[in-house]
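*Asks:* Residue numbers (my numbering), protein chains in the order written: chain A, 1 to 473; chain B, 1 to 199. C-beta atoms are modelled at their ideal positions from N, C-alpha and C, and glycine is treated no differently. Everything numeric in this text was worked out from a predicted model, so none of it was measured.
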Amino acid sequence: MLTDINLVLPEIFLLVMISIILIIDLFLKDESRGATYVLSIVTLITTAFLVINNSPETTQLAFHKSFVVDPMSVILKSVSLLVVAAVFIYSRDYLVDRNFYKGEFFTLSLFGVLGMMLMISSANFLTLYLGLELMSLTMYAMVAMQRDSDIAAEAAMKYFVLGAIASGMLLYGMSIIFGVANSLNLAEINQAISVSENRLALSFGLVFIILGIAFKLGAVPFHMWMPDVYDGSPTAITTYIATAPKIAAFVMLYRVMVEGMSGMMVDWQSILIILSVASMFIGNIIAIAQSNIKRLFAYSTISHVGFILMGVITGTDNGYSASMFYTISYVLMSLAGFGIILLMSRAGFEANNIEDYSGMNQKSPWFAFIMLITLFSMAGVPPMLGFWAKVSVLQEAVNAGLVWFAVAGVAASIIGAYYYLRVVKVLYFDKPKDDTPIQASMDMRLLLSANGISMLALGIFPTSLLALCVDAI
Amino acid sequence: MELIIFYVFSSILVLSAIMMITVKNPVMAAFYLVLSFFATAPIWLLLEAEFLAVTLVLVYVGAVMVLFLFVVMMLDINIATLRKGFVKMLPIGVAAALTMLMSMIMVFNSGYFSIEKYAVPERHSADYNNTAELGQILYTEYLLHFEVAAVILLVAIIAAITLTHRRRANTKHQDIDKQVRVKSSERLKIVEVKAEKRK
Numbered sequence: 001m002l003t004d005i006n007l008v009l010p011e012i013f014l015l016v017m018i019s020i021i022l023i024i025d026l027f028l029k030d031e032s033r034g035a036t037y038v039l040s041i042v043t044l045i046t047t048a049f050l051v052i053n054n055s056p057e058t059t060q061l062a063f064h065k066s067f068v069v070d071p072m073s074v075i076l077k078s079v080s081l082l083v084v085a086a087v088f089i090y091s092r093d094y095l096v097d098r099n100f101y102k103g104e105f106f107t108l109s110l111f112g113v114l115g116m117m118l119m120i121s122s123a124n125f126l127t128l129y130l131g132l133e134l135m136s137l138t139m140y141a142m143v144a145m146q147r148d149s150d151i152a153a154e155a156a157m158k159y160f161v162l163g164a165i166a167s168g169m170l171l172y173g174m175s176i177i178f179g180v181a182n183s184l185n186l187a188e189i190n191q192a193i194s195v196s197e198n199r200l201a202l203s204f205g206l207v208f209i210i211l212g213i214a215f216k217l218g219a220v221p222f223h224m225w226m227p228d229v230y231d232g233s234p235t236a237i238t239t240y241i242a243t244a245p246k247i248a249a250f251v252m253l254y255r256v257m258v259e260g261m262s263g264m265m266v267d268w269q270s271i272l273i274i275l276s277v278a279s280m281f282i283g284n285i286i287a288i289a290q291s292n293i294k295r296l297f298a299y300s301t302i303s304h305v306g307f308i309l310m311g312v313i314t315g316t317d318n319g320y321s322a323s324m325f326y327t328i329s330y331v332l333m334s335l336a337g338f339g340i341i342l343l344m345s346r347a348g349f350e351a352n353n354i355e356d357y358s359g360m361n362q363k364s365p366w367f368a369f370i371m372l373i374t375l376f377s378m379a380g381v382p383p384m385l386g387f388w389a390k391v392s393v394l395q396e397a398v399n400a401g402l403v404w405f406a407v408a409g410v411a412a413s414i415i416g417a418y419y420y421l422r423v424v425k426v427l428y429f430d431k432p433k434d435d436t437p438i439q440a441s442m443d444m445r446l447l448l449s450a451n452g453i454s455m456l457a458l459g460i461f462p463t464s465l466l467a468l469c470v471d472a473i
Numbered sequence: 001m002e003l004i005i006f007y008v009f010s011s012i013l014v015l016s017a018i019m020m021i022t023v024k025n026p027v028m029a030a031f032y033l034v035l036s037f038f039a040t041a042p043i044w045l046l047l048e049a050e051f052l053a054v055t056l057v058l059v060y061v062g063a064v065m066v067l068f069l070f071v072v073m074m075l076d077i078n079i080a081t082l083r084k085g086f087v088k089m090l091p092i093g094v095a096a097a098l099t100m101l102m103s104m105i106m107v108f109n110s111g112y113f114s115i116e117k118y119a120v121p122e123r124h125s126a127d128y129n130n131t132a133e134l135g136q137i138l139y140t141e142y143l144l145h146f147e148v149a150a151v152i153l154l155v156a157i158i159a160a161i162t163l164t165h166r167r168r169a170n171t172k173h174q175d176i177d178k179q180v181r182v183k184s185s186e187r188l189k190i191v192e193v194k195a196e197k198r199k
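#1: Between the C-alpha atoms of P42/B and L134/B, what's the straight-line distance to the nearest angstrom?
#2: Find out if the Cβ-Cβ distance for the pair G163/A, L206/A is shorter than 8 Å.
#3: Checking contacts by CB at 8 Å: is L81/A closer than that to chain B?
#4: Does the beta-carbon distance from F297/A to G263/A come in below 8 Å?
#5: Could you check if E2/B is buried or exposed, using at least 16 other CB atoms within 10 Å of its CB as the buried criterion?
#6: Between the beta-carbon of S279/A and the beta-carbon of S303/A, is there less than 8 Å?
#7: Would you list, in sequence order, the uninterrupted alpha helix (DSSP H) runs of no fewer than 4 residues that lie entirely inside the region 386-460 of chain A?
#8: List the residues of chain B whose Cβ lies closer than 8 Å to the Cβ of L130/A, in chain order.
#9: Using a Cβ-Cβ cut-off of less than 8 Å, list which residues of the region 188-199 of chain A approach chain B; keep chain order.
#10: Interface residues of chain B around M145/A at Cβ under 8 Å?
#11: Take P432/A and list the residues in its own chain whose beta-carbon comes closer than 8 Å to its own, dropping the five residues that flank it on each side.
#12: Taking 8 Å as the threshold (beta carbon to beta carbon), is S184/B in contact with chain A?
#13: Kindly list the residues whose CB is nearer than 7 Å to the CB of A30/B, restricted to its own chain and excluding five residues on each side of it in sequence; keep chain order.
#14: Is the shortest distance between the beta-carbon of L108/A and the beta-carbons of chain B less than 8 Å?
#15: Are the beta-carbon atoms belonging to L332/A and L309/A less than 8 Å from one another?
#16: Should the region 207-216 of chain A be called in touch with the region 72-88 of chain A, which here means at least 3 C-beta pairs below 8 Å?
#17: If contact means a Cβ-Cβ distance below 9 Å, which residues of the region 56-75 of chain A contact chain B?
#18: Tell me whether the beta-carbon of Y230/A lies closer than 8 Å to the beta-carbon of K294/A.
#19: So E481/A contacts chain B; which residues on that side make the cut at Cβ distance below 8 Å?
#20: Below 8 Å on C-beta distance, what does T47/A contact in chain B?
#21: Hey, quick one: how far does the alpha helix (DSSP H) through Q362/A stretch, first residue to last?
#22: Note down, in chain order, every chain A residue with its Cβ under 7 Å from the Cβ of E141/B.
#23: Just grab the DSSP bridge partners of N185/A for me.
#24: On the CB-based measure, 16 or more other CB atoms within 10 Å of its CB, does H124/B come out buried or exposed?
#25: Please report the straight-line C-alpha distance between V312/A and M265/A, rounded to a whole angstrom.
#26: What residue does the alpha helix (DSSP H) around V87/A start on, and which one ends it?
#27: I'd like to confirm the pairing. Which residues does DSSP put opposite L61/A in its beta bridges?
#28: Do you know offhand how far S345/A's Cα is from A236/A's?
#29: Can you give the beta carbon distance from D4/A to A48/A, rounded, assuming they're within the 8 Å contact cut?
#30: List, in order along the chain, the chain B residues whose C-beta lies closer than 9 Å to that of L137/A?
#31: I need the DSSP call for F349/A, collapsed to helix, strand or coil.
#32: Go ahead and pull the three-state DSSP assignment for N318/A.
#33: So that I know if they touch, is there some Cβ in chain B lying closer than 8 Å to that of L114/A?
#34: Which residue wins for smallest C-alpha separation from M119/A, given the options F111/A, G112/A, L132/A and L110/A?
#35: Once you ignore the five residues that flank V251/A on each side, which residues in its own chain have a CB closer than 7 Å to its CB?
#36: Express the C-alpha separation of G260/A and L15/A in angstroms, rounding to a whole number.
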């Protein structure tokens, strides 16, 4: 029992701190809301420290084999925690300007992080589902928080209803699998699958589980909510939704498909290939037609999800680590991309349209350069991080004998390069619409610069991060 | 005897469930839902899940549905707008439902879920305590999940308050300090009005 508690110590610390923040925030006046902000960031960083410091050398199970701590969970948990801390720093000014700088934003986000940590550490369908619900519930509420906005209300309703249906489907699939395997534990399910003759019921359950996971990842054809939610919610909340939860969704895919159902690899590979090809093409093609940068990033996320799926589809350990590498790179790129949107927005002005970025190079050459790195990285231009992410995933697909699949991936990313470069053209060659200077606090400027440079630096020296992902699987 | 009870209550359950989705009046639909909960409870009792059967009646019928009915009665639901697009969407809905039904029939008729494959569970003796067993497993094997479920409820409270609580500038509320410190001169204002002449 004591070792069990030791393994969940970071989660317990996070929960206790959230409760303390929740109570302290009640007594704070609006002027001193900064205390909540500082406490939240300190909590996230301390939890990340605890996660790293508390990591066992081998894979350890706790709470009747329902909670797992392995190298992968340590890396992904600490990345999620730090990314959310960065989201807080990026969005502070945006929230203050919009009278949105409330304690609830911080407590709900932190609860969402707790859900993600549980998902990342789940070794059991029940832990996975509860973590997922904890995370999703906070996101539904956060999208709806801007109550006076019609598009936010519409986005929240769509997200909530579709999300509830997806959760129901996921749960139904889990119940069918439980009926066959007679266990909720992923490792035991995998054993039961290898001896079970009831393939029909297993594939029936698998279809529903994939549906639920594909919805959370945002893979085509379950992607409809993404553009609306990304566009409808305040940019600070979009930044949160677009980054850390994708890590949790990747882990959900990995844990269920690889750790729980590798006995059905042939079945899930054939389903996921369709989702992956459709995501890469539909995401990239529809993105071309967007004039709103948040919707553009939403469609670009859909295409990145196709690549994340590609690594898992290969069914090899190297493929899984390539997917993990891609997920981490995607989160870094997405964080920087939305960071720029938050930077360009100011009180009473949302920099949501691509033309709002025209001539950004004349206003701030440095941040235009950061945006350039981000867009090049998303497009997969060498030597950025996104290039290596794409290369490693494509390479594993070729190694697994799926050459046509890799060719499709390359074709899709060439289509994608068009709309990324179009934004670059707007940044550098169009005339600015106004001459309002960019205003941002020093911490945000520094962090955003570091975020952008990290994509270039990790692109030039990708081996350390790649090795980390290879060791994690 | 058990079979009779099962068939009686399951037919009530199926009928009330069908009525619930077909009646036009939302209040009636809520009542049919209550009836289907009532019909489910005895079936659970037959499965020796006494605690769940009792909770279903107490929590769902007693609390959740009462609140639900209250909300349904308070809201002005326009059935015509709710049914708009029903015919247009019907073919898609029917196609999805039929596909689902067909695959479910295939799965459950495949023979792997037949009675021969699963032994009939043994009946527990009369002193078997379902509630104690549940409590035992909830606080040992499922301790983590139990705690997380509590956290989810906390999040639900925070989310609900965030979304509904709104401090309006012109809300009328009592300020006891001000009430105590009030002086008669602030309460009573003597206005001299000139007497008008009678016409």
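*Replies:* Quick look at the numbers:
#1: Looking up residue 42/B in the second sequence gives position 42. Looking up residue 134/B in the second sequence gives position 134. Their Cα atoms are separated by approximately 19 Å.
#2: The residue given as residue 163/A occupies position 163 in the first sequence. The residue given as residue 206/A occupies position 206 in the first sequence. It is not a contact, given that the beta carbons lie outside the stated cut-off.
#3: As a position in the first sequence, residue 81/A is number 81, starting the count at 1. Answer no: the Cβ-Cβ gap between L81/A and chain B never drops below 8 Å.
#4: For the purposes of this step, residue 297/A is taken as the residue at position 297 of the first sequence. For the purposes of this step, residue 263/A is taken as the residue at position 263 of the first sequence. No, these two residues do not count as a Cβ contact at 8 Å.
#5: The count along the second sequence starts at 1 and reaches residue 2/B at position 2. Burial call: exposed.
#6: Here residue 279/A refers to the residue found at position 279 of the first sequence. Here residue 303/A refers to the residue found at position 303 of the first sequence. Yes. Within cutoff.
#7: 403-429 and 442-460
#8: Taking the first sequence and counting its residues from 1, one reaches residue 130/A at position 130. Neighbours of L130/A on chain B, chain order: H145, V148, A149 and I152.
#9: E197 and N198
#10: Against the first sequence, residue 145/A aligns to sequence position 145. By Cβ distance, chain B contributes T162 and L163.
#11: Here residue 432/A is taken as the residue at index 432 of the first sequence, counted from 1. Hits under 8 Å: S358, G359, M360, Q362 and K363.
#12: Locating residue 184/B in the second sequence gives position 184, counting from the first residue. Closer than 8 Å: no.
#13: Sequence index remark: in the second sequence, residue 30/B carries index 30 (1-based). So the qualifying residues of the chain are M65, F68, L69 and V72.
#14: Locating residue 108/A in the first sequence gives position 108, where the first residue counts as 1. So yes, L108/A belongs to the interface.
#15: Position 332 of the first sequence, counting from 1, holds the residue named residue 332/A. Position 309 of the first sequence, counting from 1, holds the residue named residue 309/A. Not a contact, by the Cβ cut-off of 8 Å.
#16: no
#17: A62, F63, H64, S66 and F67
#18: Residue mapping note: residue 230/A aligns to position 230 of the first sequence, counting from 1. Residue mapping note: residue 294/A aligns to position 294 of the first sequence, counting from 1. Taking 8 Å as the Cβ cut-off, Y230/A and K294/A qualify as a contacting pair.
#19: Within the shown structure, residues of chain A are numbered from 1 to 473, placing residue 481/A beyond reach of any answer.
#20: Taking the first residue of the first sequence as 1, we reach residue 47/A at position 47. Near T47/A there are no residues of chain B at all, since even the closest Cβ is about 15 Å away, more than 8 Å.
#21: Taking the first residue of the first sequence as 1, we reach residue 362/A at position 362. Unbroken alpha helix (DSSP H) run through Q362/A: M360 to K363.
#22: Taking the second sequence and counting its residues from 1, one reaches residue 141/B at position 141. The contacting residues are H64.
#23: As a working mapping, residue 185/A is identified with position 185 in the first sequence. DSSP output for N185/A lists N124/A as bridge partner(s).
#24: Along the second sequence, read from residue 1 onward, the residue named residue 124/B stands at position 124. Burial call: exposed.
#25: Reading the first sequence from its first residue, position 312 is the one you call residue 312/A. Reading the first sequence from its first residue, position 265 is the one you call residue 265/A. Their Cα atoms are separated by approximately 10 Å.
#26: Position 87 of the first sequence holds residue 87/A. Its alpha helix (DSSP H) spans residues P71 to D97.
#27: Numbered from its first residue, the first sequence carries residue 61/A at position 61. Answer is V68/A, bridged to L61/A.
#28: As a working mapping, residue 345/A is identified with position 345 in the first sequence. As a working mapping, residue 236/A is identified with position 236 in the first sequence. For S345/A and A236/A, the distance between alpha carbons rounds to 11 Å.
#29: Locating residue 4/A in the first sequence gives position 4, counting from the first residue. Locating residue 48/A in the first sequence gives position 48, counting from the first residue. Wrong, their Cβ atoms sit about 21 Å apart, outside the cutoff.
#30: On the first sequence, residue 137/A is found 137 positions in, with the first residue counted as 1. Simply I152, V155, A156 and A159.
#31: For this step, residue 349/A is matched to residue 349 along the first sequence. Strand.
#32: Along the first sequence, read from residue 1 onward, the residue named residue 318/A stands at position 318. Three-state result, N318/A: helix.
#33: Taking the first sequence and counting its residues from 1, one reaches residue 114/A at position 114. Interface residue, yes.
#34: Translated into the one-based positions of the first sequence, residue 119/A becomes position 119. Of F111/A, G112/A, L132/A and L110/A, the residue nearest in Cα terms is L132/A.
#35: As a first step, residue 251/A must be located in the first sequence, where it is residue number 251. Excluding sequence neighbours, V251/A sits near L76, M119 and I120.
#36: Taking the first residue of the first sequence as position 1, residue 15/A is located at position 15. Taking the first residue of the first sequence as position 1, residue 260/A is located at position 260. When rounded, the distance between both Cα atoms is 28 Å.
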